[in-house]
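Report on one structure; see the data block that follows.
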Amino acid sequence: MNSLRSALIVLVAALAALPALYALEKQPASAYHARRVALAASLKGGVAVLFSAPEPLLDFMPYRQDSDFYYLTGWNEPGAALMIVGPSTNSDEKRSYQEILFLPTRNLRMENYTGAKMDAATPGVVQATGVNAVEPMAALPAELNKLVAADRKLALNLWTQPLSSQAKALVSFNAVTFGADSAPAAHDVTTLTMPLRQVKDAGEIELIGKASTASIAAQRAMMRDVKPGVTERAIAGEMTAVWLEQGCERPSYAPIVGTGVNSTTLHYSANSGTIADGDVVVVDAACEYSMYASDITRTVPANGHFTARQREIYNIVLGAQQAAIQAFVAGKSTIDDYYHKDPASLDTAAYNYINTHGKDLHGQPLGKYWLHGLGHMVGIDVHDPANYPAVLKPGMVFTIEPGVYIAEEKIGVRIECDFLVGPDGKLIDLDAALPHTAEEVEAAMRAK
Ligand code: GLY
Ligand code: MN
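Per the numbering used here, the sequence shown starts with residue 517, numbered consecutively.
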């Protein structure tokens with residue numbers, strides 16, 4: 517009996533430790549709970565149901581959780597759903613806050629491939645997931661039916677992810693449980709998670725900091741190893757090795773290593789070229805640490821020395837980044853004003869700098885060679901959701917990434933750093949430890 521009891525204790529402990537096997541650094545359960553409560557407060561008395569990301573289509577792709585689902589739960593498994601019931605906004609109704617995580621029934625045959633999973637019957641599952649209640653997925657339609665049966669108006673106040681086929685099926689099936697053929701479309705829950713996700717808590721900032729540290733290490737390794745004759749792909753591979761060694765799970769986007777004319781293609785990621793003497797190389801490559809992204813670009817000379825023309829363009833791009841930093845005012849400045857028409861946007865400050873410094877080979881200003889917005893929010897997604905142009909406030913993390921791309925001269929230069937707006941409204945460069953100036957880059961390339 518005693519040995520049975522100790523075996524059970526070992527099993528419970530092992531299962532409770534399961535999420536740790538996935539090696540993601542989690543925040544305390546209270547952080548995810550606070551986000552669910554914040555979402556509930558914006559539901560206007562409605563009900564949100566979010567689903568895990570589906571399994572990847574291609575065999576070589578590892579599983580990545582849906583960003584909103586991860587933000588709200590820290591749960592990194594497919595096949596789950598989260599229901600959040602918002603407290604009633606109307607005093608005649610008595611609904612209070614409720615949260616339930618639904619887990620699929622275990623498939624013991626599949627677990628030969630995937631390893632052990634938890635379901636709602638697993639001892640310790642509530643503690644392991646940190647959600648108030650855990651139920652089998654089969655109970656989800658019944659729970660929804662119960663809520664809507666008690667208050668029919670709720671059928672018009674359901675919030676789901678717009679692209680989720682499971683959510684569409686659930687909303688349709690909920691109508692079926694009431695004998696109806698079709699249901700009104702649910703509201704888009706991502707419009708409610710977006711503003712919550714924009715302002716990072718201290719734990720998120722720490723995780724982004726770790727992604728940044730690993731990305732800086734990889735960029736430094738790149739600066740040591742770029743030279744004529746090395747392939748773009750070898751550089752991407754070397755950076756990937758550094759990210760993985762530092763505990764990151766993957767790149768936060770397809771690494772871009774573009775040499776020569778490839779440096780002028782914004783999202784060049786074929787990485788099939790070979791670095792040639794006299795080229796500049798744009799290296800826009802960074803990683804994800806425990807689901808949080810970094811996004812860094814540096815531009816380096818293939819042979820360790822910028823030509824006078826390359827240095828001139830480099831300094832203009834760096835000057836544009838500095839102009840944006842100097843123009844920054846928390847709560848007022850905006851980012852990603854694509855047409856740089858808004859005087860309050862950092863894009864306008866950067867564009868004005870580029871357009872008034874230097875000329876192309878035809879004597880024309882350089883503004884037309886900047887081809888993209890100045891930056892974007894960074895978080896669980898490298899391009900975290902926002903309505904752009906977005907006003908920048910304390911707790912937000914975003915990139916400032918001006919560039920000039922002159923294909924005719926085979927010169928593309930982009931410099932990209934991640935910035936946090938501190939509690940005092942001051943900008944903090946999360947990538948301050950990486951070379952910024954042309955001379956710092958050249959020195960890092962000499963440091964073999
Ligand atoms: N670093 C890639 C991008 O921001 O589009
Ligand atoms: Mn970027």
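Even glycine gets a Cβ: it sits at the ideal position worked out from N, Cα and C.
Inspect the beta-carbon positions of residue i and residue j and report whether they are closer than 8 Å.
i: isoleucine 791; j: valine 715; result: no
i: histidine 549; j: glycine 646; result: yes
i: valine 898; j: valine 833; result: no
i: glutamate 651; j: alanine 636; result: yes
i: asparagine 819; j: aspartate 852; result: no
i: glycine 561; j: glutamate 615; result: no
i: asparagine 690; j: alanine 699; result: yes
i: glutamate 917; j: glutamate 932; result: yes
i: threonine 813; j: valine 799; result: yes
i: leucine 588; j: arginine 551; result: yes
i: isoleucine 927; j: glutamine 837; result: no
i: methionine 634; j: valine 641; result: yes
i: serine 849; j: alanine 860; result: yes
i: glutamate 925; j: leucine 877; result: yes
i: isoleucine 944; j: tyrosine 808; result: no
i: valine 894; j: aspartate 811; result: yes
i: alanine 752; j: alanine 801; result: yes
i: glutamate 541; j: serine 806; result: yes
i: serine 568; j: aspartate 582; result: yes
Use the C-beta contact count for residue i: other C-beta atoms within 10 angstroms, 16 or more gives buried, fewer gives exposed.
i: phenylalanine 618; result: buried
i: tyrosine 867; result: buried
i: arginine 930; result: buried
i: threonine 864; result: buried
i: tyrosine 854; result: exposed
i: glutamate 627; result: exposed
i: threonine 676; result: buried
i: alanine 786; result: exposed
i: alanine 954; result: buried
i: lysine 875; result: exposed
i: valine 601; result: buried
i: arginine 962; result: exposed
Work out the CA separation of residue j and residue i for me, nearest whole Å.
i: leucine 520; j: asparagine 661; result: In this prediction, leucine 520 has a pLDDT of 43, which is less than 50 and means its spatial position is unreliable; what the coordinates show is noted afterwards. Leucine 520 and asparagine 661: Cα-Cα distance of roughly 41 Å.
i: leucine 537; j: aspartate 900; result: The pLDDT assigned to leucine 537 is 42, lower than 50, so where the model puts this residue is not dependable; a value taken from the coordinates is nonetheless given after this. C-alpha separation (whole angstroms): 27 Å.
i: asparagine 831; j: tryptophan 591; result: 45 Å
i: valine 687; j: glutamine 842; result: 49 Å
i: leucine 887; j: asparagine 673; result: 41 Å
i: threonine 756; j: arginine 668; result: 52 Å
i: leucine 566; j: valine 664; result: 17 Å
i: threonine 707; j: alanine 902; result: 9 Å
i: glutamate 593; j: serine 546; result: 19 Å
i: cysteine 803; j: valine 746; result: 22 Å
i: valine 773; j: proline 603; result: 50 Å
i: histidine 703; j: isoleucine 922; result: 44 Å
i: methionine 739; j: threonine 630; result: 39 Å
i: proline 939; j: tryptophan 759; result: 29 Å
i: isoleucine 525; j: threonine 638; result: Unreliable positioning characterises isoleucine 525 in this predicted model, as indicated by a pLDDT of 43, which lies under 50. The coordinate reading is nonetheless provided below. Answer to the nearest angstrom: the Cα atoms are 12 Å apart.
i: glycine 776; j: tyrosine 885; result: 16 Å
i: glycine 789; j: glutamate 659; result: 56 Å
i: methionine 577; j: alanine 770; result: 13 Å
i: alanine 781; j: alanine 730; result: The question names alanine, but residue 781 is threonine in the sequence shown. Cα to Cα, the separation comes out at about 25 Å.
i: alanine 554; j: aspartate 717; result: 13 Å
i: isoleucine 829; j: threonine 872; result: 12 Å
i: proline 570; j: serine 680; result: 9 Å
Whose CA, out of the options, lies closest to the CA of residue i?
i: glycine 911; options: Val796, Gly928, Phe935; result: Phe935
i: glycine 941; options: Val913, Ala923, Leu712, Ala949; result: Val913
i: glycine 763; options: Glu748, Gly774, Ala786, Ser728; result: Ser728
i: isoleucine 732; options: Pro951, Glu956, Ala959, Ala963; result: Pro951
i: lysine 857; options: Ser680, Gly889, Arg827, Ala839; result: Gly889
i: proline 657; options: Val692, Val799, Gly891, Ala718; result: Val692
i: isoleucine 721; options: Glu754, Ala644, Val937, Phe585; result: Val937
i: glycine 847; options: Pro905, Ala734, Val563, Asp582; result: Pro905
i: valine 907; options: Ile896, Ile922, Gly891; result: Gly891
i: threonine 605; options: Gly879, Gly874, Pro578, Val563; result: Val563
i: alanine 949; options: Phe844, Pro767, Ala734, Arg611; result: Ala734
i: phenylalanine 844; options: Val816, Leu679, Thr915; result: Thr915
i: arginine 1021; options: Tyr579, Glu571, Arg749; result: The chain is shown only over 517 to 964; residue 1021 falls outside these bounds and no answer can be derived.
i: threonine 621; options: Ser612, Ala596, Ala644; result: Ala596
Output yes if chain C places a C-beta closer than 8 Å to the C-beta of residue i; else output no.
i: aspartate 897; result: Annotation note: the requested chain C is absent from the structure, which comprises a single protein chain.
Would you check whether ligand 1 has a heavy atom nearer than 7 Å to the C-beta of residue i?
i: tyrosine 769; result: yes
i: glutamate 932; result: yes
i: threonine 605; result: no
i: aspartate 800; result: yes
Does any heavy atom of ligand 2 sit closer than 7 Å to the C-beta of residue i?
i: threonine 915; result: yes
i: histidine 892; result: yes
i: aspartate 811; result: yes
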